[in-house]
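In the UniProt record's numbering, the protein residues as written are 1 to 184.
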């Protein structure tokens, strides 16, 4: 015997969860706020997603997978400096988009440290490739520079979450681009 059909769109509910966790963080996002925003009951949430931890994991993976795909697209630029510029400029826009929570879910959520380490590793690998191709000075510390890029992204995210304008967030990224050691 089949169970009762779900009375809501699971993907839409997941999108609501992504935005809730992104905006308020795991600790401040309650099942009550999620169910209210989704327009469903707690039993429906539990039936569809398990518990809050599993919903968070799925929401975080949904966001992070999309962010990783975008990062890979940005890292595919021919020159390393263009790749890093694409990352920073893309985030300048994304972090202050009025249609989404401000900042970056991956960079602001303590539970996503593994995803941040993965981002740094991908950026470092791109810088190492630039060094090998002669695109980046051989003396460049790829991992240190990747950590610096991630720190700049974190600062841009924090500024956006604190109400900084698009211009203020862009100024941080542009200053970083002017000082990063990415041209041979």
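Ideal Cβ positions, reconstructed from N, Cα and C, are used throughout, including at glycine.
Candidates the options, of which the one nearest residue i by Cα
{"i": "residue 38", "options": "77, 145, 12 and 133", "result": "12"}
{"i": "residue 171", "options": "183, 155 and 161", "result": "155"}
{"i": "residue 19", "options": "93, 76, 47 and 104", "result": "104"}
{"i": "residue 64", "options": "179, 180, 15 and 9", "result": "15"}
{"i": "residue 101", "options": "143, 182, 180 and 163", "result": "163"}
{"i": "residue 125", "options": "36, 53 and 75", "result": "75"}
{"i": "residue 115", "options": "130, 131, 62 and 78", "result": "62"}
{"i": "residue 110", "options": "35, 17, 175 and 57", "result": "57"}
{"i": "residue 73", "options": "59, 90 and 60", "result": "90"}
{"i": "residue 82", "options": "68, 136 and 165", "result": "136"}
{"i": "residue 144", "options": "161, 158 and 182", "result": "182"}
Coil, strand or helix - residue i by DSSP
{"i": "residue 143", "result": "helix"}
{"i": "residue 65", "result": "helix"}
{"i": "residue 157", "result": "helix"}
{"i": "residue 171", "result": "helix"}
{"i": "residue 183", "result": "coil"}
{"i": "residue 76", "result": "coil"}
{"i": "residue 101", "result": "coil"}
{"i": "residue 188", "result": "Examination of residue 188 is not possible in this model, given that the chain is present from 1 through 184 alone."}
{"i": "residue 130", "result": "helix"}
Range of the contiguous alpha helix (DSSP H) that encloses residue i
{"i": "residue 163", "result": "Neither: residue 163 is in no alpha helix (DSSP H) and is coded neither H nor E."}
{"i": "residue 13", "result": "10-28"}
{"i": "residue 137", "result": "No alpha helix (DSSP H) holds residue 137; DSSP gives it neither H nor E."}
{"i": "residue 43", "result": "42-49"}
{"i": "residue 89", "result": "80-95"}
{"i": "residue 112", "result": "Looking at the DSSP string, residue 112 is not in any alpha helix (DSSP H), and its letter there is neither H nor E."}
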